[in-house]
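Below: the structure, in structure tokens.
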Amino acid sequence: MESIVPGTKGFRLLDDIPFACTIVNIMYENKAPVAWTIEYADDKNTEVITDFDELVVEIESKQILLLGDVIRDIAKYLTPWENATTCRWINRACRNILSHPQHWITLNLANPPRGIRISRYLHYIIHLTLIEDASVKKVLRSVNLNGLQITDRDVGLLLKQCPNIEYLGLAGCFKLSYDLFPTLKTIPLTLHTLDLYMTPIMQWEITPLKNTSGELVQILPSCLVPLRLPSILLEAAIIVKDEEAYPPVWFLSTFVLDEYEEENMWSNKLTFLWTYSSLPVFYHESNTYAFQSPQVMNCWLLASSKFTKNILQPREPKKLPEKSVDAIDFQAQKVFASLNELKSSLEAQVNELTNAVEAAKIEHQVAKNEYEIAQQRRTDVEKQVNRAVLALSLGEAQVEPPNRSGKILNLAGDDKLPLLPSPAVIQDISRALDQQYFAVYDDFLGHIHAMQLYEEVVYFYHSDQSPFHFEQGALAGGKTGRNLRYEMPSVRGDHVLWLEGTEVNCPISIAATLRQLDRLVLERLAAINSELQRCSLIRHRVMITCYPGQGSSYVKHCDNPNGNGRKLTAIFYLNPQWEEEDGGELQIHRLDHSITRIPPIFDRLVLFFSNERVPHQVAPSYAKRFALTVWYMDWDEYMDAQVFTDQTADIHERTRIEKEIDKFHSQSEP
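Numbering (the numbering used here), first residue to last: -3 to 666.
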């Protein structure tokens, strides 16, 4: 209020409506303002008011410029050394501003202070402590060391201590060598770009660098080449030396160099490229280097002094001498022309053959599709014939398979079962069956339901009071599996229990598991899988197995090698404490002769086609291994095997199985 004086402009508020006015007089009492005379801008009427809250006035304030604000503005124009030393210690405000990590993410350290060793200078900067428990070495992302006399060791230490550096500029650092690359190979790098412009490192392609992300580090090349000149010519061609520069640079007269005809870098190449009257040559440890071409010199030239630019005057490069016609070259050109003609002819033939092959592939695919359609029709006719013969033998008018495949039944109690895989996952399972003939799905029942089933199975296996008992597994043969059975622990070492799932004492957990399998296979997979759609599927009884350990196993076999009706095998594993050393993996032999090993992990479901496409075996098991196996049968094939099987085929099958067992024993003997 002390800044309000006569002449101050403002507004008078009446019912929140502002009226422009000017204060023309102020009355005081005990040096305090008590009344203000105002003049309205619109009609020039005056009025005295005693409530200052009715006035809104414009008060001019003087802006105070703080030192901290100045430092914040000029910090980006100072060198890191000035920010880290002089300016940082002016006062607490400056120290807080210059200790913020944002000032140290990108650093240009190419201008070191005088009188301080480079290694000490770098050490001081990168170990500088910042606010927020940070330090320069933790926040540094981009650093420019151009022109510093640093060594391979200095660069290695810097990258070890600053693990987040993404850009490192080393242009003009002539003390570096190729030994830098083996050093960098031992350091976990986050580098994206490494600038080696005007360094003696010229063969960097030999050792490509990768960062921790597996990406190749982009290398900006040296652009220098060694310049080999006799010392006499070198001295004769010198125009001027700049010994103060690092590295020292000598300017050689290109006219003098052109007069020298012996073989060297200048006469072989640079003389025909160079567009300046002088050639800058860098001298380091008795070696001389020059730029590959005038174009790659531009970056150095932009940073050079006016003196350097004045020396580099333009000139016409020396013209390449016309090459005389060589008889051998002429003959070679004729040969090349002939070869090119032959090449074009061969390419035309290859293209023609390629087109013919593509056309043949299309014709083959069409024929294959027609064959498959005809084969399917033949299979359908055979099914109808077999059904008619079966009906005749049973004295029935006709026999039809149960029509369950692909129909969702929604039986009572289904709402209490675990959730099925999503439609997308079921599509993936179907696709896996089509492509590799087997599929694996984990967490089929969920831990709680799977544990209930596991406890029931373990009880059946160990308890003498159980209404169901395991027996030695048998290797069955023949189409029916009834006539050829071999109880041989060395060939099939499991104990088995067969259940229909409808027995009086059958646990609810087993019946629920069978229903869950039917919901997946009969009602979902059979509706979308093309091969299963062509079958009338029924479920066979469940086989519960236990491999007792001690190396028990099951030899390589197929569940349906000869048309016994088995279409799809489903194995559900119940081994909550399985470890890798327990063994017992299901080994599937692929068509490419590789083997896929599937560990019998708890709550894992494995589905595979039962025929010869999926030969498999059980690896030796060294701990108890429980599993449920269910076969989904092709009703027509199954009935054909049960009713119309030729006993002669069983004799041949017996012979084949006995040979397989003899082979197994011969391989097992030491």
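Here a beta-carbon is modelled for each residue, glycine too, at the ideal position from N, C-alpha and C.
Length of the line joining the Cα atoms of residue i and residue j
i, j, result
"T203", "D175", "11 Å"
"Y272", "W246", "14 Å"
"T541", "E451", "14 Å"
"R481", "P544", "Note that R481 scores a pLDDT of 41, beneath 50, so its modelled location is shaky; the value from the coordinates is reported in the next line. Near 21 Å, if we compare the C-alpha coordinates of P544 and R481."
"Y117", "T250", "40 Å"
"E669", "D438", "Limits of the chain in this structure are -3 at one end and 666 at the other, which puts residue 669 out of reach."
"L187", "T82", "31 Å"
"R374", "M635", "18 Å"
"D555", "R562", "7 Å"
"T565", "W627", "5 Å"
"L335", "Y279", "49 Å"
"Y163", "L216", "11 Å"
"L253", "K302", "24 Å"
"N41", "A16", "12 Å"
"E483", "T208", "Note that E483 scores a pLDDT of 45, beneath 50, so its modelled location is shaky; the value from the coordinates is reported in the next line. Approximately 58 Å between the Cα atoms of the pair."
"P256", "P310", "According to the sequence as given, residue 256 is Tyr; it is not Pro. Cα to Cα, the separation comes out at about 20 Å."
"V139", "D191", "11 Å"
"E577", "L172", "53 Å"
"P108", "L225", "34 Å"
"G580", "P616", "5 Å"
"V385", "A637", "13 Å"
"L533", "L205", "59 Å"
"E359", "A352", "10 Å"
Residue i, enclosing beta strand (DSSP E) - first and last residue
i, result
"H491", "491 to 495"
"R8", "5 to 10"
"D630", "621 to 630"
"A435", "434 to 438"
"T565", "562 to 569"
"N21", "13 to 25"
"S138", "138 to 140"
"E35", "28 to 36"
"I600", "First, the amino acid is wrong: residue 600 is Arg here, not Ile. It spans 600 to 605 - the beta strand (DSSP E) in which R600 sits, taken as one unbroken run."
"V395", "No beta strand (DSSP E) contains V395, which DSSP labels as neither H nor E."
"K164", "Correcting the residue identity first, residue 164 is Leu in this sequence and not Lys. Segment 163 to 165, the beta strand (DSSP E) holding L164."
"L582", "582 to 585"
"P616", "612 to 617"
Beta-bridge partners of residue i, as assigned by DSSP
i, result
"K237", "W246"
"Y285", "P222, F278"
"K206", "L212"
"S300", "DSSP lists no partner for S300."
"M539", "W494, T625"
"N399", "Note: N399 sits in no beta bridge, so no partner."
Where residue i falls, given that 16 or more other Cβ within 10 Å makes a residue buried
i, result
"I197", "buried"
"I520", "Contrary to the premise, residue 520 reads as Arg rather than Ile in this sequence. R520 should be labelled buried."
"D12", "exposed"
"N607", "buried"
"R149", "exposed"
"M194", "buried"
"T4", "buried"
"F622", "buried"
"Q512", "buried"
"F287", "buried"
"R593", "exposed"
"G474", "The predicted model places G474 with a pLDDT of 46, which falls under 50 and marks its position as unreliable, so this point remains unresolved."
"I504", "exposed"
"G168", "buried"
Alpha helix (DSSP H) segment containing residue i, residue limits
i, result
"S549", "First-last for S549: 548 to 553, but that is the beta strand (DSSP E), not the alpha helix (DSSP H)."
"D191", "No alpha helix (DSSP H) holds D191; the beta strand (DSSP E) holding it covers 189 to 191."
"I324", "323 to 390"
"H445", "443 to 458"
"V517", "It is not in any alpha helix (DSSP H) - V517 carries neither H nor E in the DSSP assignment."
"E78", "76 to 80"
"G545", "No alpha helix (DSSP H) contains G545, which DSSP labels as neither H nor E."
"A89", "88 to 94"
"S115", "114 to 122"
"L155", "148 to 157"
Cβ separation of residue i and residue j, assumed to be a contact under 8 Å, to the nearest whole Å
i, j, result
"V538", "L624", "6 Å"
"R515", "D410", "7 Å"
"F568", "T509", "7 Å"
"Y550", "V492", "So it is not a contact: roughly 11 Å between Cβ atoms."
"Y285", "V221", "7 Å"
"I93", "I70", "About 11 Å separates the two Cβ atoms, so there is no contact after all."
"I161", "L155", "6 Å"
"V44", "A31", "5 Å"
The ligand PLP heavy atom lying under 6 Å from the CB of residue i
i, result
"K330", "Ligands displayed in this structure: none; no statement on the ligand PLP is therefore possible."
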